[in-house]
Each structure stands twice: as structure tokens, then as C-alpha cells.
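Per the working numbering, the very first residue in the sequence shown carries number 94; after that it's consecutive.
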Amino acid sequence: MGVAVDDIPATLTPTPRLLATCSADQTCKIWRTSNFSLMTELSIKSSNPGESSRGWMWGCAFSGDSQYIVTASSDNLARLWCVETGEIKREYGGHQKAVVCLAFNDSVLG
Numbered sequence: 094m095g096v097a098v099d100d101i102p103a104t105l106t107p108t109p110r111l112l113a114t115c116s117a118d119q120t121c122k123i124w125r126t127s128n129f130s131l132m133t134e135l136s137i138k139s140s141n142p143g144e145s146s147r148g149w150m151w152g153c154a155f156s157g158d159s160q161y162i163v164t165a166s167s168d169n170l171a172r173l174w175c176v177e178t179g180e181i182k183r184e185y186g187g188h189q190k191a192v193v194c195l196a197f198n199d200s201v202l203g
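Now the structure itself:
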């Protein structure tokens, strides 16, 4: 499945057709549970070679409809992503320290 040793616990979608793993390599990988193929890789890695590491992605949670995933990371941000496109929809800042856990509240999307 290509999961690194540093990966932290996985999260399933409510259906459970998708599985997400987050890790020290600054990625959240979303896998299809039907065949464990990689569907999407979400990354907070900098495209600027001179920029320092943004650290771990500590955890994630899927929306009830599995269209979105929110990630927690050690760069003090939580990010809302579109599962299908891998696009960041919103960043939630203002945290004084790393965001290491979170939960999804579907009522804020409606």
C-alpha cells in the first residue's frame, strides 16, 4: 500500500469506501478501500526549495458526505480540502501551537 513507518492512525469515511493516512512526510494520502489504490495525495510540502519543513500532518477527519477532509498539521493550521480534486478550500489559522487533532462538524458546510 506504500504507507511509511511514520504514518499515524488512519481514518475511514462514514461509508467506508475511503481511508486516509497522515504522516511525517507532510502528506495525507486518501486510498480506495476496494483495492487499496491511492486516490489522492494532499501535501503541505513547500514548492520553494529554500523554505523549511512545515512538519507533520497529524490527523484528519472526513465530512459526513465524504466530499471534504480536514487535516491537522504542525504548522499551526487546519486545512479543509476537496477530496475529489485535492484543492485546499480553506485554511484555519490562529493556533498558537501545532494542530494535532480535530473533528468535523458538517453543520458549518450547510
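Built from N, CA and C at the ideal position, the CB exists for glycine as well. Fair warning: this is a prediction, and the values are worked out from it, not measured in the lab.
Collapsed DSSP secondary structure at residue i in the structure displayed
i: residue 200; result: helix
i: residue 57; result: This structure gives no information on residue 57, because the portion of the chain shown stretches from 94 to 203.
i: residue 104; result: strand
i: residue 195; result: coil
i: residue 183; result: strand
i: residue 134; result: strand
i: residue 126; result: coil
i: residue 114; result: strand
i: residue 47; result: Here the chain covers residues 94 to 203 and nothing more, so residue 47 does not appear.
i: residue 178; result: coil
Neighbour-count burial assignment, residue i, 16 or more Cβ in a 10 Å radius
i: residue 193; result: exposed
i: residue 106; result: buried
i: residue 189; result: exposed
i: residue 166; result: buried
i: residue 199; result: exposed
i: residue 138; result: exposed
Closest Cα partner of residue i within the set the options
i: residue 126; options: 116, 160, 168 and 104; result: 104
i: residue 177; options: 187, 191, 169 and 159; result: 159
i: residue 117; options: 168, 133 and 111; result: 168
i: residue 163; options: 119, 109, 196 and 122; result: 196
i: residue 110; options: 150, 184, 121 and 155; result: 155
i: residue 121; options: 129, 182, 157 and 174; result: 174
Whole-angstrom C-beta distance between residue j and residue i, which should lie under 8 Å
i: residue 135; j: residue 179; result: 6 Å
i: residue 170; j: residue 186; result: 6 Å
i: residue 191; j: residue 148; result: 7 Å
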